[in-house]
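Residue numbers (this note's numbering), protein chains in the order written: chain A, 1 to 246; chain B, 1 to 246. All C-beta atoms in this analysis are idealised placements derived from N, C-alpha and C, irrespective of residue type, glycine included. Just below is one structure, and these are the notes that go with it.
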DNA sequence: AAGTATTATTCGATAATATCGAATAAAGAA
DNA sequence: TTCTTTATTCGATATTATCGAATAATACTT
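Next up, the structure:
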């Protein structure tokens, strides 16, 4: 299982992940310390990636992610068919509910936000574009999990862990399976302060022509409670918008 | 010079480039043929990259670029400070000139379009977002080249080549240096059917606070000739917009 | 300016491992 | 079913990535 992995490539990817986390150029030394690989090894990997503009070295010697990644990244998002068509719906929903709204894509493993619209309310905690979201602690994440079979869910949860972001975060698998059942019945997922204290939201699936669910529409905001009228009417509007997009 | 390159990493990057070119999922066999590496080698590399979601395998077995590249890519574009501030200026310039307008970023080696606005004219040939542009055959490319020293220019031109896209493309280095001198004097670059027959455009630098030039504003369209009044007034408007953004 | 500290880069011997062809398994078509 | 095509596994081999240590380059002090 682990022996067909090509180590030098694996190390390169790990370096990219470290660079992603830092979000700003870092020195070779830092990279070496954080990865655990010797400086000279890191240097060779970085040098190779630099030749392809996947890594960029700044004038002061530090390293950062390179422009080629932008090119590759836009190619990936370009393959998502709905991107343009969907933005007006986001704005409309944002306006009607006052909450922040966003669209996520699920590749079977990761939930990524790729379009968003801030609401009219004060504090806005919408995920940044391009950010991966927690599978077990967000409405979107749970929604996508609810489309998978039990063993797949277990596998993903084991892989990503079930960190307790707040006291409300679901950290028990049995509890999670009950929640996923409820989502399947209800047709949408709810997030009740599981990721950030007091932050509530919901997510509804956008179905492809063939019934597949790769995208979801959601909102988040600071509601009183998930049984409040404003929250429930926001859910209603979200469901309608999602149905229109499907 | 070439011996510190780590081959397996280098091959991985080449595979990503091939996947980028195809812009749709391809089979292992195709990848093997296009890269020239044996199937089993390609498989190992792809498998490793898959573990990091840099490559994705579809249900039918074919491979494509993975979602992690989107994450990495947005991180890169997020470091470009002006992105949001600049879009209104693009729209305004597009409206006033009727031409397509766009913003490019230069990392010292590649010119990449990262925001654009279509014009009112009929046929629109604006570069897609995320696309690399020819250094020697576009206004943007030549503009950035004009900020570099002679040896650097030679190096870049040798690296990327000077393909003759049209009869007007500059394919001679001496001619190019004369052109770059003219751009330095003029303060902006002009493209006169050098990339696509009949397509004309111009590009002006957007200067950072410290005087550095990383971004450029440009337009392209189907003008009569680059000495026509409409073209010259478009240039004027572009220069003003670029100055405002600087 | 010279000296010191820090970090980037090069080098070379060695063991580790990526590579490749060939064999097998799996999926699709007829 | 059988035949084709394509993906995946395997194992012997030579190639090459690796690592520590040496050197170069840069930044910081005095």
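Let me check understanding here. Comparing Cα to Cα, which of the options lies closest to residue i?
{"i": "residue 131(B)", "options": "47(B), 99(B), 73(B)", "result": "73(B)"}
{"i": "residue 104(A)", "options": "221(A), 232(A), 238(A), 214(A)", "result": "214(A)"}
{"i": "residue 144(A)", "options": "179(A), 127(A), 169(A)", "result": "179(A)"}
{"i": "residue 177(B)", "options": "109(B), 149(B), 198(B), 24(B)", "result": "149(B)"}
{"i": "residue 226(A)", "options": "210(A), 201(A), 243(A), 238(A)", "result": "201(A)"}
{"i": "residue 23(B)", "options": "42(B), 66(B), 51(B), 37(B)", "result": "66(B)"}
{"i": "residue 128(B)", "options": "158(A), 70(A), 102(A)", "result": "70(A)"}
{"i": "residue 28(B)", "options": "55(B), 6(B), 51(B)", "result": "55(B)"}
{"i": "residue 26(A)", "options": "64(A), 199(A), 53(A)", "result": "64(A)"}
{"i": "residue 68(B)", "options": "160(A), 182(A), 242(A), 20(A)", "result": "20(A)"}
{"i": "residue 223(A)", "options": "239(A), 211(A), 199(A), 113(A)", "result": "199(A)"}
{"i": "residue 206(A)", "options": "34(A), 95(A), 78(A), 106(A)", "result": "106(A)"}
{"i": "residue 171(B)", "options": "194(B), 184(B), 185(B)", "result": "194(B)"}
{"i": "residue 159(A)", "options": "234(B), 168(B), 52(B), 233(B)", "result": "52(B)"}
{"i": "residue 147(B)", "options": "35(B), 235(B), 211(B)", "result": "211(B)"}
{"i": "residue 77(A)", "options": "88(A), 50(A), 113(A), 57(A)", "result": "113(A)"}
Suppose the cutoff is 7 Å on Cβ atoms and the five residues either side in sequence are ignored; what does the same chain contact list for residue i look like?
{"i": "residue 141(A)", "result": "111, 133, 134, 135"}
{"i": "residue 8(A)", "result": "45"}
{"i": "residue 109(B)", "result": "156"}
{"i": "residue 87(A)", "result": "115"}
{"i": "residue 126(A)", "result": "100, 102, 116, 118, 220"}
Closer than 8 Å by C-beta to residue i: which residues in its own chain qualify, once you throw out the five before and the five after it? Chain order, please.
{"i": "residue 85(B)", "result": "245"}
{"i": "residue 90(A)", "result": "101, 102, 103, 115, 116, 117, 217"}
{"i": "residue 6(B)", "result": "none"}
{"i": "residue 92(A)", "result": "241"}
{"i": "residue 94(A)", "result": "100, 101, 117, 118, 119, 120, 219"}
{"i": "residue 35(A)", "result": "11, 14, 15, 18, 42"}
{"i": "residue 169(B)", "result": "136, 137, 162, 163, 194, 195"}
{"i": "residue 61(A)", "result": "27, 28"}
Please compile the residues from chain B whose C-beta is within a distance smaller than 9 Å of the C-beta of residue i.
{"i": "residue 129(A)", "result": "74, 78"}
{"i": "residue 37(A)", "result": "Ordered by position in chain B, no residue passes the 9 Å Cβ test against residue 37(A), which lies about 12 Å from the chain."}
{"i": "residue 16(A)", "result": "52, 54, 68, 72"}
{"i": "residue 162(A)", "result": "Those within 9 Å of residue 162(A) in chain B number zero; the least Cβ separation is about 20 Å."}
Starting from residue i, find everything on chain A with Cβ-Cβ shorter than 8 Å and list it in chain order.
{"i": "residue 155(B)", "result": "Here the premise fails: no neighbours, minimum Cβ distance about 14 Å."}
{"i": "residue 53(B)", "result": "107, 109, 110"}
{"i": "residue 132(B)", "result": "71"}
{"i": "residue 96(B)", "result": "None at all; the shortest Cβ gap to chain A is about 24 Å."}
Can you list the residues of chain A that residue i reaches, using a CB-CB cut of under 7 Å?
{"i": "residue 60(B)", "result": "Correct list: empty, because the minimum Cβ distance to chain A is about 14 Å."}
{"i": "residue 67(B)", "result": "76, 107, 110, 112"}
{"i": "residue 237(B)", "result": "Per Cβ cutoff of 7 Å: no residues; residue 237(B) is ~27 Å from chain A at best."}
Please list, in chain order, all residues of the same chain as residue i whose beta carbon is under 6 Å from its beta carbon, the five residues on each side excluded.
{"i": "residue 1(A)", "result": "Per-residue confidence for residue 1(A) stands at a pLDDT of 45, beneath the threshold of 50, marking its modelled position as unreliable; the derived number appears in the next sentence. Closer than 6 Å at the Cβ level, and outside the excluded window around residue 1(A), lies no residue."}
{"i": "residue 32(A)", "result": "39, 42"}
{"i": "residue 229(B)", "result": "none"}
{"i": "residue 162(A)", "result": "136, 171"}
{"i": "residue 231(A)", "result": "223"}
{"i": "residue 235(B)", "result": "202"}
Beta carbon of residue i: closer than 7 Å to some heavy atom of the ligand FMN?
{"i": "residue 111(A)", "result": "Annotation note on the ligand FMN: not contained in the displayed structure, which lists no ligands."}
Mind listing the chain B neighbours of residue i? Cutoff is C-beta to C-beta under 7 Å, in chain order.
{"i": "residue 258(A)", "result": "Nothing can be reported for residue 258(A): it is not among the residues displayed for chain A, which extend from 1 to 246."}
{"i": "residue 56(A)", "result": "107"}
{"i": "residue 23(A)", "result": "75"}
So residue i and residue j are supposed to be a Cβ contact under 8 Å. How far apart are they, rounded?
{"i": "residue 165(A)", "j": "residue 116(A)", "result": "With 8 Å as the limit, residue 165(A) and residue 116(A) do not qualify as a contact, their Cβ atoms being about 20 Å apart."}
{"i": "residue 138(B)", "j": "residue 237(B)", "result": "About 20 Å separates the two Cβ atoms, so there is no contact after all."}
{"i": "residue 59(B)", "j": "residue 220(B)", "result": "Their Cβ separation, rounded to whole angstroms, is 40 Å, which puts residue 59(B) and residue 220(B) out of contact at 8 Å."}
{"i": "residue 37(A)", "j": "residue 4(A)", "result": "In fact, because the Cβ distance is near 20 Å, the residues do not count as touching under 8 Å."}
{"i": "residue 204(B)", "j": "residue 242(B)", "result": "4 Å"}
Listing by chain order, which chain A residues have their CB less than 9 Å from the CB of residue i?
{"i": "residue 44(B)", "result": "4, 5, 6, 9"}
{"i": "residue 207(B)", "result": "The contacting residues do not exist; residue 207(B) stays about 18 Å from chain A at best."}
{"i": "residue 91(B)", "result": "Within 9 Å Cβ-Cβ: nothing; residue 91(B) doesn't reach chain A, min ~15 Å."}
Going along chain B, which residues have a C-beta under 8 Å from residue i?
{"i": "residue 20(A)", "result": "71, 72, 75"}
{"i": "residue 176(A)", "result": "Here the premise fails: no neighbours, minimum Cβ distance about 22 Å."}
{"i": "residue 200(A)", "result": "By Cβ distance, chain B contributes nothing, its closest Cβ being about 26 Å from residue 200(A), past 8 Å."}
> Does the region 115 to 125 of chain B come close enough to the region 151 to 162 of chain B to have 3 or more Cβ pairs within less than 8 Å?
Replying inline: no
> Counting pairs of beta carbons, one from the region 12 to 23 of chain B and one from the region 42 to 58 of chain B, are three or more of them closer than 8 Å?
Replying inline: Because the criterion of three Cβ pairs below 8 Å is met, the region 12 to 23 of chain B and the region 42 to 58 of chain B touch.
> Counting Cβ pairs closer than 8 Å, one from the region 75 to 82 of chain B and one from the region 182 to 195 of chain B, do we hit at least three?
Replying inline: no
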